[in-house]
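The block underneath contains the structure these notes are about, expressed in structure tokens.
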């Protein structure tokens, strides 16, 4: 199941990046060639960038390819590395639940009756923040429970 979700996320991020490249090219053409910048592409790019960031970060975390500072961790024994990694996984799960998911849902409730200026889409699209962090929590939980992907083991 996890491989299917990872494949879907990988394809989604790739598609969004492709759309962003085309939209940026269109934005440059409308701004500098036609002297009439497109406001729709500017706002769409902003949303797509947030989506790519949140979903891509969750994907990278699930694959354990995220940025981490482990210079001190490499100097301790494997059992200590495992304990620290499990502690970090617990902290990530708590952070995702409290800050990102609950905070994201609260933000959606606050912006429920607003719509974006150029695109006219509803602002609860901020749900992407919660969706991305839910994915991080889901990625972290199996790592924590199984211990098979935990570094140092």
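In this note's numbering, the protein residues as written are 19 to 171.
Glycine is no exception: its CB is placed at the ideal position from the N, C-alpha and C atoms.
Please read all numbers here as calculations on a predicted model, not as lab measurements.
Assigned exposure category for residue i - 16 Cβ within 10 Å defines buried
i           : result
residue 94  : exposed
residue 114 : buried
residue 131 : exposed
residue 36  : exposed
residue 119 : buried
residue 29  : exposed
residue 171 : Bear in mind that the predicted position of residue 171 carries a pLDDT of just 40, short of 50, making it too unreliable to give a figure here.
residue 73  : buried
residue 116 : exposed
residue 70  : buried
Nearest candidate by alpha-carbon position, reference residue i, set the options
i          : options     : result
residue 23 : 90, 80, 86  : 80
residue 67 : 31, 100, 87 : 31
residue 38 : 19, 64, 25  : 64
Through-space distance from residue j to residue i, alpha-carbon basis
i           : j           : result
residue 89  : residue 124 : 37 Å
residue 76  : residue 83  : 10 Å
residue 62  : residue 34  : 11 Å
residue 122 : residue 27  : 20 Å
residue 21  : residue 96  : 27 Å
residue 47  : residue 86  : 39 Å
Worksheet item: In the stretch 57 to 106, which residue ranges form an unbroken alpha helix (DSSP H) of at least 4 residues, counting only runs that do not cross its ends?
Response: 57 to 80
Worksheet entry | the stretch 99 to 107 / the stretch 49 to 59 touching (three or more Cβ pairs under 8 Å) | no
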